[in-house]
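Numbering (the UniProt record's numbering), first residue to last: 1 to 151. Virtual Cβ for every residue (Gly too), placed ideally from N, Cα, C. If you're wondering where the values come from, they're calculated on a predicted model, not measured in any experiment. Beneath this line is the structure, given in structure tokens, with notes to follow.
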Amino acid sequence: MTSAPVTVTRGTEAGDGVVGVPRVGCDLQEVAPVAEALAQRGQRYLRALFAPEEIADLTRPDGRPLAAESVAGRFAAKEAVLKVLRPSADDAVAWPQIMIRSDAHGAPHVELRGTAARLARGAGLGAWSVSTSHDGGFAMAVALAIRSPQP
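Written out as structure tokens, the structure reads:
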């Protein structure tokens, strides 16, 4: 069985205006500043960066936040998603508008609200994928969104 080659035409910037071409963002976050902020400000720190649903995902049953590595990974994921969205200077995206939620297996996925959702719709971004990892005092994340056909 043979398959036909796939040809992708690029816009002025890779992924601009082309259906099916992904946009990718990545971020690296040092864990120590996150651990310090959690120790000093706790829930106030979490509320500044995360939506209530995310805080629930990042909170143990006893009310304490998960390890700083996990929190740093989720923040890195927000940064990676923001890079995919490519907001202009006029687009104010509050951190809680970019939600990194946990599925039933604990894997992260992207949910957008407000300006973040508007930017994604305007860019034709449909399917999202995000991955986080941490090691050696750093957390990293990669986010990917595929342009979907516009109606």
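Hey, out of S133, R74, S88, whose CA is closest to E111's CA? R74
May I ask you to list the residues that DSSP assigns as paired with S70? According to DSSP, which records beta bridges pairwise, S70 is partnered with nothing at all.
Of the residues S102, A35, D27, E30, which one's Cα is nearest the Cα of P52? S102
Let me know if residue 153 comes out buried or exposed under the rule of 16 or more other beta-carbons within 10 Å of its beta-carbon. Shown here, the chain extends from 1 to 151; a query on residue 153 therefore has no answer.
Pull up the CB-CB distance for A120 and L85, whole angstroms please, since I reckon it's below 8 Å. 6 Å
Taking all protein chains shown into account, do 16 or more other C-beta atoms lie within 10 angstroms of the C-beta of E36, making it buried, or fewer, making it exposed? exposed
Looking only at its own chain, which residues have a Cβ that is under 6 Å from the Cβ of V34, when we skip the five neighbours before and after it? So the list reads A68, V71, A72, once near-sequence residues are dropped.
Does any C-beta atom of chain D lie closer than 9 Å to the C-beta of A76? Chain labels in this structure do not include chain D; a single protein chain is all it has.
Between G137, V130, D62, A77, which lies nearest to I146 when the distance is taken from Cα to Cα? Nearest option by C-alpha distance: V130.
By DSSP's criteria, H109 is part of a beta bridge. Which residues make up the other side? R101
Hey, would you say M140 sits closer than 9 Å to Q29, going by beta carbons? In contact: M140 and Q29 (Cβ atoms closer than 9 Å).
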